[in-house]
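Quick notes on the structure that follows.
Numbering (our numbering), first residue to last: 9 to 381.
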């Protein structure tokens, strides 16, 4: 249980970081100095660069069993880079540089963190427990801390808190000892795997775009102030807490391949309904958003580990990181494009994003058929 709790606490720190820095404080700060579309572009490109690094290091980690070492190094780097954002707060473009480096390091750490699931038997529950703890942490941070925090102090506090919550995982999680020489050419030619990657990509596309832009969306569409934005995002975490436990338990009980496709339906419902939701109902709607987000974070990493060779976990999970990074790139680019062609119509742009989970459902059907051939 100590190891499960350690795994969950890292997810807590990671989600607090996402809630306070990636989703709210930094985007609301930087878009006062940089055009929103330019910020979206640079943020997206940083994720694209992250994949190349993760793919190379994932191959090294699988060959030499260095998964935990990379996890620790990049996890610590995230904390220090977050502090760096605060140190250069008065210089927006330098702060943006530290932020983009932090985003890259954060994604590297998450690749190897996900590979730590190899050391657990009940992977669905462990993954879901991490997601649930993450949402609890982000909710508490947004409800109890965000309204009282000021910039640049928020970056110092968040970086330190992330390091403290990550420490148990650094100390107690076991390094998976499986060693495999992975040939990237074979992985790229694995049609089933590529279908799985593109299927996950359609869901992470909307998930990462929502995380990155929700604070701005609530400000532009509903005219909410900063404190109310924190409250809306924080209270929506209830759906994430329940969803993490629910999806994780279901994945262990009935199989992750049966649970995974639920994401296509709940994301489609949420995105198609979002443009029509009045401000008075945005908090209840947040519950469905949290349920949708917890589904993809809980099931996708377990899905990859259960469907493909475990000895290739780091490389395969690097592709999972690819889906998140490329999804962030293409999602933010698509979001920027939709805002441009709709004349900054945030509601319509949100509704059009529903095309991605619908496409994902088609790709998942093709994946299931590929298993039979």
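Just so it is clear, CB atoms sit at the ideal spot from N, CA and C, and this is done for glycine as well.
Beta-carbon separation of residue i and residue j under 8 Å?
| i | j | result |
| --- | --- | --- |
| residue 110 | residue 86 | yes |
| residue 364 | residue 210 | yes |
| residue 331 | residue 143 | no |
| residue 367 | residue 346 | no |
| residue 275 | residue 214 | yes |
| residue 135 | residue 309 | yes |
| residue 112 | residue 38 | no |
| residue 207 | residue 371 | yes |
| residue 97 | residue 228 | no |
| residue 167 | residue 119 | no |
| residue 186 | residue 319 | yes |
| residue 25 | residue 170 | yes |
| residue 173 | residue 52 | no |
| residue 54 | residue 108 | yes |
| residue 258 | residue 298 | no |
| residue 148 | residue 15 | no |
| residue 334 | residue 63 | no |
| residue 217 | residue 343 | yes |
| residue 139 | residue 260 | no |
| residue 99 | residue 17 | no |
| residue 184 | residue 73 | yes |
| residue 296 | residue 278 | yes |
| residue 36 | residue 223 | yes |
| residue 71 | residue 194 | no |
| residue 241 | residue 27 | yes |
| residue 314 | residue 69 | no |
| residue 293 | residue 280 | no |
| residue 291 | residue 243 | yes |
| residue 151 | residue 239 | yes |
Please report the residue range of the alpha helix (DSSP H) in which residue i lies.
| i | result |
| --- | --- |
| residue 12 | 10-25 |
| residue 362 | First-last for residue 362: undefined, no H or E at that position. |
| residue 313 | 290-315 |
| residue 276 | 270-281 |
| residue 72 | 44-72 |
| residue 83 | 75-95 |
| residue 131 | 131-148 |
| residue 161 | 161-180 |
| residue 1 | The question about residue 1 has no answer, for the chain in this structure spans 9 to 381. |
If you run the structure through DSSP and keep just helix, strand and coil, what is residue i?
| i | result |
| --- | --- |
| residue 122 | helix |
| residue 354 | helix |
| residue 188 | coil |
| residue 231 | coil |
| residue 39 | coil |
| residue 216 | helix |
| residue 157 | coil |
| residue 100 | helix |
| residue 206 | helix |
| residue 285 | coil |
| residue 424 | In the structure as shown, the chain starts at 9 and stops at 381, and residue 424 therefore has no counterpart that could be examined. |
| residue 383 | What the structure shows of the chain is the stretch from 9 to 381, and residue 383 is not part of that stretch, so it cannot be assessed. |
| residue 345 | helix |
| residue 322 | helix |
| residue 197 | coil |
| residue 327 | helix |
| residue 107 | helix |
| residue 378 | helix |
Within the 8 Å Cβ cut-off, does residue i reach chain D?
| i | result |
| --- | --- |
| residue 275 | Looking for chain D here will not work: only one protein chain is present. |
**Message:** Within 8 Å, do at least three Cβ pairs link the stretch 317-337 to the stretch 22-34?
**Reply:** no
**Message:** I'd like to know if the stretch 362-380 and the stretch 265-273 are in contact, where contact means that at least 3 CB-CB pairs between them fall below 8 Å.
**Reply:** yes
**Prompt:** Between the stretch 301-318 and the stretch 249-261, are three or more C-beta pairs nearer than 8 Å?
**Reply:** yes
**Request:** Spell out a yes or no on whether the stretch 62-80 and the stretch 165-183 are touching, meaning 3 or more CB-CB pairs, one atom from each, closer than 8 Å.
**Result:** yes
**Message:** For the stretch 36-56 against the stretch 97-105, do three or more pairs of beta-carbon atoms, one drawn from each stretch, fall closer than 8 Å, so that the two count as touching?
**Reply:** yes
**Message:** When you compare the stretch 117-134 with the stretch 187-205, are there three or more beta-carbon pairs, one atom per stretch, that lie closer than 8 Å?
**Reply:** no
**Asked** Counting Cβ pairs closer than 8 Å, one from the stretch 281-298 and one from the stretch 151-170, do we hit at least three?
**Response** no
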